[in-house]
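K.L.:
Have a look at this one.
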Amino acid sequence: MRPLDLEVRAGVHTGEVEMMGDDVGGIAVHIAARVAQHAKASEVLASSTVKDLVAGAGLKFVDQGPAELKGLSEPVRLFTAVT
0 MRPLDLEVRA GVHTGEVEMM GDDVGGIAVH IAARVAQHAK ASEVLASSTV KDLVAGAGLK
60 FVDQGPAELK GLSEPVRLFT AVT
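Mapping of the sequence shown onto numbering that gives the first Met the number 0: residues 0 to 82, in sequence order.
Below you can see the structure in the form of structure tokens.
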């Protein structure tokens, strides 16, 4: 079997969502998708909201600074989750 040569990346944000049948939407979903677009291969990128909510959980983050996310008027500070 040959390798698939996949690059996996993830963006994490939290907030209220709107249920639309079997789908979800809303600004939190939009932000999560935009954060994921900024992630590099093999990277988990989180918004400052996520970092603040997990404070005290022992997770480590590296500050990547503010990022302009499409559709938002204000930049969002992003953090790479590290092991």
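Note that CB positions come from ideal geometry on N, CA and C, so glycine has one too.
The structure presented is a predicted model; accordingly, all values stated were derived computationally and were not measured.
Could you work out which residue in T13, L5, A31 is closest to L68 when comparing CA atoms only?
P.N.:
Here residue 68 refers to the residue found at position 69 of the sequence shown. Closest option to L68, Cα to Cα, is A31.
K.L.:
If we call anything under 8 Å between Cβ atoms a contact, is K50 one with V81?
P.N.:
On the sequence shown, position 51 is the one that residue 50 refers to. On the sequence shown, position 82 is the one that residue 81 refers to. Contact: no.
K.L.:
Between which two residues does the beta strand (DSSP E) harbouring A66 extend?
P.N.:
For this step, residue 66 is matched to residue 67 along the sequence shown. Taken as a continuous stretch (DSSP letters only), the beta strand (DSSP E) holding A66 covers 59 to 66.
K.L.:
Distance check for E15 and P65, CA to CA, integer angstroms please.
P.N.:
Here residue 65 is taken as the residue at index 66 of the sequence shown, counted from 1. Here residue 15 is taken as the residue at index 16 of the sequence shown, counted from 1. One C-alpha to the other measures close to 22 Å.
K.L.:
For E6, which of Q36, D62, S72 has the nearest alpha-carbon?
P.N.:
On the sequence shown, residue 6 is found 7 positions in, with the first residue counted as 1. Ranking the options by Cα distance to E6, first place goes to Q36.
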